[in-house]
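Participant:
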Amino acid sequence: MSIFTVTNTKNSDTGSLRQAILNANALAGKDIINFGGLFNDGLAHTISLTGSSLSITDDLSIQGTNPGILTISDNSADRVFDIGNGVTVAINGLTITNSYKNAGGGGAISNQGTLSVSNTTITGNTAEYGGAIFNQGTLSVSNSTITGNSATNNGGGIFSSGILSVDKSTISDNTAYREGGGIYNYVFKENGNRNIGIVTVSNSTIRANTAEYGGGGIFGYEFGTITVSKSLISDNSVSFRSNYYGGGGIFSSGILSVDRSSIIGNTAEYGGGIYGNYEGAITVSNSLISNNNAGKGGGIYSSVSLSVENSLISSNTAEYGGGIYDDISLNQGDGTITVNNSIISDNSAGTKGSGGGIYNEGTITVNNSLISENHGYLGGGIYNEGTITVSNSTIGNNYAKYGGAIYNPGFIIPGYRSPDVLVYGSITVENSTIKHNKATTGGGIYNQGVLSVSNSIISNNYARDYGGGIYNEPLGIVAVDYSTISGNQAHFGGGIYNTATLTVGNSTIKHNKAFGIELSFGSYESGRGGGIYNSSPGTATLDYSTINCNFDTPRKNSTKVIKLDNVVGKLLTKASRVKV
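In UniProt numbering, the protein residues as written are 1 to 580.
(1) Out of curiosity, what's the CA-to-CA distance linking GLY64 and LEU38?
(2) Let's see if you can read the secondary structure: which residues bound the alpha helix (DSSP H) around ARG18?
(3) Considering just the uninterrupted stretch of the beta strand (DSSP E) at ILE328, what are its terminal residues?
(4) Which stretch, first to last residue, makes up the beta strand (DSSP E) that contains TYR221?
(5) Alpha carbons only, please: which of ASN66, GLU385 and LEU288 is nearest the one belonging to ILE233?
(6) Please tell me whether VAL390 has its Cβ less than 8 angstroms away from any Cβ of chain B.
(7) Find out if the Cβ-Cβ distance for the pair ALA211, ARG178 is shorter than 8 angstroms.
(8) What separation, rounded to the nearest whole angstrom, lies between the Cα atoms of THR123 and ILE109?
(9) Under 6 angstroms Cβ to Cβ from THR317, same chain only, skipping five residues before and after it: list those, please.
(10) Would you say THR71 and THR50 are within 8 angstroms of each other, going by their C-beta atoms?
(11) Is it buried or exposed for THR546, if we count other Cβ within 10 angstroms and need 16 for buried?
(12) Would you mind stating whether LEU256 and ILE226 have Cβ atoms separated by less than 8 angstroms?
(13) Look at the alpha carbon of THR152 and the alpha carbon of GLY162, and state the distance between them as a whole number of angstroms.
(14) How many angstroms separate the CA atom of GLY113 from the CA atom of SER172?
(15) Can you find at least 3 beta carbon pairs, one from the segment 317 to 326 and one from the segment 257 to 268, that sit closer than 8 angstroms?
(16) Can you have a look at SER536 and say buried or exposed, based on whether 16 or more other CB atoms are within 10 angstroms of its CB?
(17) When you compare each of ASN291, TYR407, GLY276 and LYS401 to ASP327 by their alpha carbons, which one comes out closest?
(18) Let me know the secondary structure DSSP gives ASN40 once reduced to three states.
(19) For the beta strand (DSSP E) that contains residue 588, what are its first and last residues?
(20) Within its chain, find whatever has a CB closer than 7 angstroms to the CB of PRO67; leave out the 5 residues flanking it on each side and keep chain order.
(21) Can you list, in chain order, the residues of its chain with a C-beta nearer than 7 angstroms to that of LYS10? Leave out the 5 residues immediately preceding and following it.
(22) Tell me which residues share the same chain as ALA479 and place their Cβ nearer than 6 angstroms to its Cβ, disregarding the 5 neighbours each side in the sequence.
(23) When burial is assigned at 16 or more other CB atoms within 10 Å of the CB, is GLU361 buried or exposed?
(24) Quick one: grab the DSSP three-state call for THR5.
(25) Let me know the secondary structure DSSP gives LYS352 once reduced to three states.
(26) Let me make sure I understand the geometry here. Which of THR126, THR57 and ILE56 has the alpha-carbon closest to that of ASP78?
(27) Report the CB separation of TYR100 from GLY107 in whole angstroms; it is logged as a contact under 8 angstroms.
(28) Use the C-beta contact count for ILE3: other C-beta atoms within 10 angstroms, 16 or more gives buried, fewer gives exposed.
(29) Please state whether the Cβ-Cβ distance between ILE206 and GLY180 is less than 8 angstroms.
(30) In or out: LEU572 buried (at least 16 other Cβ within 10 Å) or exposed?
(31) Of all the beta strand (DSSP E) runs that stay within the bounds of the segment 105 to 151, which reach a length of 3 or more residues?
(32) Run the CB neighbour count on ALA540, radius 10 Å, all protein chains shown included, and call it buried at 16 or more, exposed below.
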């Protein structure tokens with residue numbers, strides 16, 4: 001091992017950095033370059049390079065003094081370091097700036113070997129791919145800052161098609177004019193084989209990066225793997241509007257794992273926080289996804305397998321799917337989502353949007369979770385056009401124009417020279433509680449599809465007009481079994497308002513209320529159907545159930561302002577008790 005000392009800021013000749021690297025390349029085996037002479041005075045110094053990049057062809061460690069006082073600039077002539085295949089290099093204690101690679105990759109560094117960058121700042125560099133670093137080998141970045149770089153194509157900060165690890169570092173304010181503002185992870189095929197394409201980010205911050213098409217913070221190409229742990233992905237953005245692109249924080253069409261991390265304040269048209277598509281899979285665990293914004297999927301937009309575990313998705317906004325948007329229209333993923341032991345709260349779908357907490361077109365399972373204080377126009381908590389199972393969970397304190405907790409639509413698409421098509425959502429609620437939700441119609445649930453409620457409680461929900469607990473519209477099928485519907489309020493149908501098919505079995509409907517309302521010119525309209533309002537052409541069947549102690553308010557300023565009003569309309573009963 002030899003040690004070479006840089007003693008001046010010249011571009012070449014004796015004592016220069018370029019000459020030290022040439023000397024190290026000439027000797028086989030690992031060498032060290034350090035900085036002495038004038039670099040020991042504690043003042044700031046800049047080595048201004050001209051001409052070609054510094055090519056490293058043998059194992060080398062470059063030990064700078066401090067990134068605050070030692071800068072290497074290439075004056076936009078070329079990149080600074082070019083690291084060859086099979087070479088192991090360590091760079092420490094530098095600032096690398098003002099480098100430019102017009103065509104190709106790596107504004108500051110191109111790596112085909114094994115490179116570790118530590119205690120280093122890389123800023124103000126530009127390339128076609130990888131404004132700061134272009135990696136085709138193995139790259140480790142630790143205790144470093146990569147900021148203010150740009151790529152005319154992909155990877156404003158780093159473009160990697162090998163193995164990349166980022167630890168205790170900041171990647172910020174980088175720009176890609178296509179994809180991957182902070183990091184671009186690429187997997188390519190050659191002769192039927194794929195490269196590795198692995199990115200690991202830990203204990204780091206990826207902030208305020210921008211991309212035109214996708215992955216403001218990180219872009220993951222198909223079949224690649226991205227792991228984010230104990231990190232912050234914040235305030236990144238994507239500007240292009242397309243359902244094939246998005247992911248203000250992260251875009252992944254491969255395998256993505258986010259653990260013990262925060263994804264906050266990112267923006268895109270699709271998937272403000274995270275966007276997942278193609279044949280990938282996403283796992284979010286022990287993490288916070290908050291204050292992200294999108295047109296669809298404020299927190300997460302996904303058409304792939306998604307698992308959310310022990311996490312909080314809160315305060316995100318979108319026109320559709322404030323918290324999560326599950327999309328199968330791309331036909332690229334299975335659209336299956338599992339939410340377990342998590343909280344989805346305070347998300348918004350705006351004044352005219354749908355699915356404040358969740359917008360579903362695929363298949364979702366919610367287990368042991370809380371969906372609360374979300375709001376939208378249709379479905380404050382959940383808007384469902386697919387299949388959802390809610391078990392051992394609470395949906396509470398959400399509000400919407402229609403369907404405070406859940407909006408489950410059903411509609412007919414007219415056929416053209418073919419039969420009409422019935423499209424409907426299917427929801428199963430089991431061992432769960434739906435409470436304290438509000439809407440104009442369907443305080444708890446607004447149903448036009450297929451709804452099954454079992455071993456559950458629907459309580460203390462409010463609808464200004466129809467269906468405090470449940471509103472069931474034509475085409476809708478509702479089955480309530482072994483459940484309690486209590487303490488709900490509406491003008492008509494405090495517990496349930498039904499105009500379609502309703503079956504209640506082994507259940508109790510009690511203490512619900514149909515309230516009166518004051519109309520214009522001092523007139524007053526009494527509420528009806530405290531327990532159930534069954535309106536034509538609805539069919540309601542009651543088996544082994546009890547309806548009692550439900551009320552309405554018959555008139556204004558009455559000394560007897562409430563009366564028993566359990567049922568309005570016809571019921572088909574079997575072994576049930578209805579108090580009239």
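Even for Gly, the Cβ is constructed at its ideal location relative to N, Cα and C. What you are looking at is a predicted structure, and each value in this text was computed from that prediction instead of being measured.
Facilitator: By the coordinates alone:
(1) Indexing the sequence shown from 1 puts residue 64 at position 64. Indexing the sequence shown from 1 puts residue 38 at position 38. Cα-Cα distance, rounded: 13 angstroms.
(2) By one-based count along the sequence shown, residue 18 stands at place 18. Its alpha helix (DSSP H) spans residues 17 to 26.
(3) Residue 328 sits at position 328 when you count from the first residue of the sequence shown. Where ILE328 is concerned, there is no enclosing beta strand (DSSP E), given that its DSSP letter is neither H nor E.
(4) Here the question's residue 221 lines up with position 221 in the sequence shown. TYR221 -> no beta strand (DSSP E), and no H or E assigned at all.
(5) In the sequence shown, counting from the first residue as 1, residue 233 sits at position 233. Selected option, being the one with the closest Cα: LEU288.
(6) Absence of chain B from the displayed structure is noted, only one protein chain being present.
(7) Here residue 211 is taken as the residue at index 211 of the sequence shown, counted from 1. Here residue 178 is taken as the residue at index 178 of the sequence shown, counted from 1. Taking 8 angstroms as the Cβ cut-off, ALA211 and ARG178 qualify as a contacting pair.
(8) Here the question's residue 123 lines up with position 123 in the sequence shown. Here the question's residue 109 lines up with position 109 in the sequence shown. Rounded to whole angstroms, THR123 to ILE109 spans 12 angstroms at the Cα level.
(9) Stepping through the sequence shown from its first residue, residue 317 is reached at position 317. Once the five neighbours on either side are set aside, the close Cβ partners of THR317 are ASN293, GLY298 and SER348.
(10) In the sequence shown, residue 71 corresponds to position 71, counting from 1. In the sequence shown, residue 50 corresponds to position 50, counting from 1. No; because the gap between Cβ atoms is not below 8 angstroms, this pair is not in contact.
(11) Counting from one through the sequence shown, the residue named residue 546 turns up at place 546. Buried, by the Cβ-count rule.
(12) For the purposes of this step, residue 256 is taken as residue 256 along the sequence shown, with counting starting at 1. For the purposes of this step, residue 226 is taken as residue 226 along the sequence shown, with counting starting at 1. Yes, the pair counts as a contact, with Cβ atoms nearer than the cut-off.
(13) For the purposes of this step, residue 152 is taken as the residue at position 152 of the sequence shown. For the purposes of this step, residue 162 is taken as the residue at position 162 of the sequence shown. Distance between the alpha carbons of THR152 and GLY162: 21 angstroms.
(14) In the sequence shown, residue 113 corresponds to position 113, counting from 1. In the sequence shown, residue 172 corresponds to position 172, counting from 1. Rounded to whole angstroms, GLY113 to SER172 spans 25 angstroms at the Cα level.
(15) no
(16) What you label residue 536 is simply residue 536 of the sequence shown in a count that begins at 1. SER536 should be labelled exposed.
(17) Within the sequence shown, numbered from 1, the residue matching residue 327 stands at position 327. With distances taken between Cα atoms, ASP327 lies closest to GLY276.
(18) Taking the first residue of the sequence shown as 1, we reach residue 40 at position 40. If DSSP states are grouped into helix, strand and coil, ASN40 belongs with the helices.
(19) The first residue shown for the chain is 1 and the last is 580, placing residue 588 beyond what the model contains.
(20) For the purposes of this step, residue 67 is identified with residue 67 of the sequence shown, where counting begins at 1. These residues qualify, in order along the chain: GLY93, LEU94, THR95, ASN119, THR120 and THR121.
(21) Position 10 of the sequence shown, counted from the start, is the residue given in the question as residue 10. Counting only Cβ-Cβ distances below 7 angstroms, and skipping sequence neighbours, we find SER16.
(22) Taking the sequence shown and counting its residues from 1, one reaches residue 479 at position 479. Excluding positions up to five away in sequence, the list reads SER452 and THR503.
(23) As a position in the sequence shown, residue 361 is number 361, starting the count at 1. By the neighbour-count rule (16 or more Cβ atoms within 10 Å), GLU361 is buried.
(24) The sequence position of residue 5 within the sequence shown is 5, counting from 1. Strand.
(25) The count along the sequence shown starts at 1 and reaches residue 352 at position 352. In the structure shown, LYS352 sits in coil (DSSP, three-state: anything other than H, G, I, E or B).
(26) Position 78 of the sequence shown, counted from the start, is the residue given in the question as residue 78. Among THR126, THR57 and ILE56, the Cα nearest to that of ASP78 is on THR126.
(27) Here the question's residue 100 lines up with position 100 in the sequence shown. Here the question's residue 107 lines up with position 107 in the sequence shown. That pair is a contact at about 6 angstroms.
(28) Position 3 of the sequence shown, counted from the start, is the residue given in the question as residue 3. Exposed, by the Cβ-count rule.
(29) For the purposes of this step, residue 206 is taken as residue 206 along the sequence shown, with counting starting at 1. For the purposes of this step, residue 180 is taken as residue 180 along the sequence shown, with counting starting at 1. In this structure, GLY180 does not lie closer than 8 angstroms to ILE206 by Cβ.
(30) For the purposes of this step, residue 572 is taken as the residue at position 572 of the sequence shown. Classification for LEU572: exposed.
(31) 109 to 111, 114 to 118, 121 to 123, 126 to 129, 133 to 135, 138 to 142 and 145 to 147
(32) To locate residue 540, count along the sequence shown from 1; it is residue 540. It is buried - the Cβ of ALA540 has at least 16 other Cβ atoms within 10 Å.
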